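**Q**
Residue numbers (full-length UniProt numbering): 1 to 330.
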């Protein structure tokens, strides 16, 4: 069998060889990671990419990828950052200039008042969400997720040792969570409700009145927090209007808001996302980030500032709305 060789000196002065069986190396993966499923979004996206490279005409419907390029003013900001030598580490939470710009954006567009120490900039909104779930959930907690949902939400819950609880919705309700459905599943283990508005994947936008009804239920449970994923906030169709959950009465202190410009400004590959929340939540997420991601790249920081400052760039969103919304039943 497999083993190693050892040598010992016999009384005759000669060495004799003995075979010693080596113990098998433990190459097992932790149960937490073993239970984790690979991202279906990326698996399908990679498959579509491979088919294109092979010359097969396919349309990828997995990743939320805008159909046009990053606006020139934003790209130029990144290019100038490289030319200026701005290629070193940035502060873990993001540059002060960038976090101030995000605070201004949240105040002007969302009616939310945050200070820079309540903002954490990460390598994409996905990292923000993962860190937030890890920061607030413990093994045995429940994460409430309305369906249809972005496929990564349940896996993020499992990574934290929590249990994803799926809340069904229906086409008759435009795939929006009914308050009574939420109330029926909340238990003492419920720790986090994940709301995505505008929704990925349905595109449905929660009306303010419905969010207020949901908030009224959340208020009854001191332990229940809300993660509001607002990455698609600018991709909505008239007459829908976006409302930030944290702006609702009583929700500021228990809401972790995640956003970014990947979708609205066609910056998916730049990896730009941010978390805005009460300071102790942001500090906890910052500790995780300091160990797993360090910081955002400087050129992305400069470009992010340009995206926030150049409000006129929103004109480039017009192509989104020149298309008719598509809805498929499979």
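Where is the CB? At the ideal position from N, CA and C, for every residue including glycine. Bear in mind that the values here come from a model prediction, so they are computed numbers and not experimental data.
Just the Cα atoms here: how many angstroms apart are residue 31 and residue 154?
**A** Residue numbering aside, residue 31 sits at position 31 when the chain shown is read from its first letter. Residue numbering aside, residue 154 sits at position 154 when the chain shown is read from its first letter. Each residue's Cα considered, the two are about 16 Å apart.
**Q** Is it buried or exposed for residue 330, if we count other Cβ within 10 angstroms and need 16 for buried?
**A** Translated into positions along the chain shown, residue 330 becomes position 330. Its pLDDT being 46, under 50, residue 330 is placed unreliably in this model, and the value from its coordinates should be taken loosely. Flag for residue 330 reads exposed.
**Q** Got a sec? Which residues, its chain only, sit under 7 Å from residue 328 by beta carbon, not counting five neighbours each side?
**A** Sequence index remark: in the chain shown, residue 328 carries index 328 (1-based). Any reading at residue 328 must be qualified, since the residue scores a pLDDT of 48, below 50, and its modelled position is unreliable; no value is offered.
**Q** For residue 231, verify whether its CB is less than 6 Å away from any heavy atom of the ligand PLP.
**A** You won't find the ligand PLP in this model; it holds no ligand whatsoever.
**Q** If we ignore side chains and look at the alpha-carbon of each, how far apart do residue 249 and residue 227 end up?
**A** Sequence index remark: in the chain shown, residue 249 carries index 249 (1-based). Sequence index remark: in the chain shown, residue 227 carries index 227 (1-based). Computed Cα separation, rounded: 16 Å.
**Q** Answer yes if the segment 211-221 comes into contact with the segment 232-250, meaning at least three C-beta pairs across the two stretches below 8 Å, and no otherwise.
**A** Here the segment 232-250 lies against the segment 211-221, with 3 or more beta-carbon pairs under 8 Å apart.
**Q** Please classify residue 90: does DSSP put it in a helix, a strand, or coil?
**A** Taking the first residue of the chain shown as position 1, residue 90 is located at position 90. DSSP places residue 90 in coil when its eight states are reduced to three.
**Q** What does the alpha-carbon distance come out to for the pair residue 170 and residue 160?
**A** Taking the chain shown and counting its residues from 1, one reaches residue 170 at position 170. Taking the chain shown and counting its residues from 1, one reaches residue 160 at position 160. Roughly 29 Å between the two C-alpha positions.
**Q** Taking the alpha-carbon positions, what's the residue 130 to residue 156 distance?
**A** As a first step, residue 130 must be located in the chain shown, where it is residue number 130. As a first step, residue 156 must be located in the chain shown, where it is residue number 156. Rounded to whole angstroms, residue 130 to residue 156 spans 6 Å at the Cα level.
**Q** Going by C-alpha to C-alpha distance, which of 284, 92, 205 sits closest to residue 294?
**A** For the purposes of this step, residue 294 is taken as residue 294 along the chain shown, with counting starting at 1. When each option's Cα is compared against that of residue 294, the closest is 92.
**Q** Distance check for residue 77 and residue 308, CA to CA, integer angstroms please.
**A** Here residue 308 is taken as the residue at index 308 of the chain shown, counted from 1. Here residue 77 is taken as the residue at index 77 of the chain shown, counted from 1. Their backbone Cα atoms lie some 12 Å apart in a straight line.
**Q** Looking at the unbroken beta strand (DSSP E) that takes in residue 196, where does it start and where does it end?
**A** Counting from one through the chain shown, the residue named residue 196 turns up at place 196. 190-196 is the span of the beta strand (DSSP E), which, as asked, contains residue 196.
**Q** Mark residue 185 as exposed unless 16 or more other C-beta atoms lie within 10 angstroms of its C-beta, in which case mark it buried.
**A** In the chain shown, the residue the question calls residue 185 occupies position 185. Classification for residue 185: exposed.
**Q** Can you tell me the Cβ-Cβ gap for residue 225 and residue 192, rounded? I've got them flagged as a contact below 8 Å.
**A** Along the chain shown, read from residue 1 onward, the residue named residue 225 stands at position 225. Along the chain shown, read from residue 1 onward, the residue named residue 192 stands at position 192. Yes, they are in contact, since the Cβ atoms of residue 225 and residue 192 sit about 5 Å apart, within 8 Å.
**Q** Secondary structure at residue 274, three-state DSSP: helix, strand or coil?
**A** Numbered from its first residue, the chain shown carries residue 274 at position 274. Here residue 274 sits in strand by DSSP.
**Q** Report the three-state DSSP secondary structure of residue 167 (helix, strand or coil).
**A** What you label residue 167 is simply residue 167 of the chain shown in a count that begins at 1. Strand, per DSSP.
**Q** Does residue 83 pass the burial test, meaning 16 or more other C-beta atoms within 10 Å, or should it be called exposed?
**A** Numbered from 1 along the chain shown, position 83 holds the residue referred to as residue 83. Flag for residue 83 reads exposed.
**Q** Between which two residues does the beta strand (DSSP E) carrying residue 228 extend?
**A** As a working mapping, residue 228 is identified with position 228 in the chain shown. Its beta strand (DSSP E) spans residues 225-229.
**Q** Given a cut-off of 7 Å, decide if residue 265 and residue 98 are closer than it, judged by their beta-carbon atoms.
**A** Here residue 98 refers to the residue found at position 98 when the chain shown is read from its first residue. Here residue 265 refers to the residue found at position 265 when the chain shown is read from its first residue. No; because the gap between Cβ atoms is not below 7 Å, this pair is not in contact.
**Q** Taking only runs that begin and end inside the segment 77-161, name each unbroken beta strand (DSSP E) of 3 or more residues, in chain order.
**A** 119-122, 142-146
**Q** In angstroms with no decimal places, state the Cα-to-Cα distance between residue 324 and residue 68.
**A** Residue mapping note: residue 324 aligns to position 324 of the chain shown, counting from 1. Residue mapping note: residue 68 aligns to position 68 of the chain shown, counting from 1. Its pLDDT being 49, under 50, residue 324 is placed unreliably in this model, and the value from its coordinates should be taken loosely. Straight-line Cα distance between these residues: approximately 17 Å.
**Q** So, with DSSP's three-state summary, where would you put residue 260?
**A** Along the chain shown, read from residue 1 onward, the residue named residue 260 stands at position 260. Note: residue 260 maps to strand in three-state DSSP.
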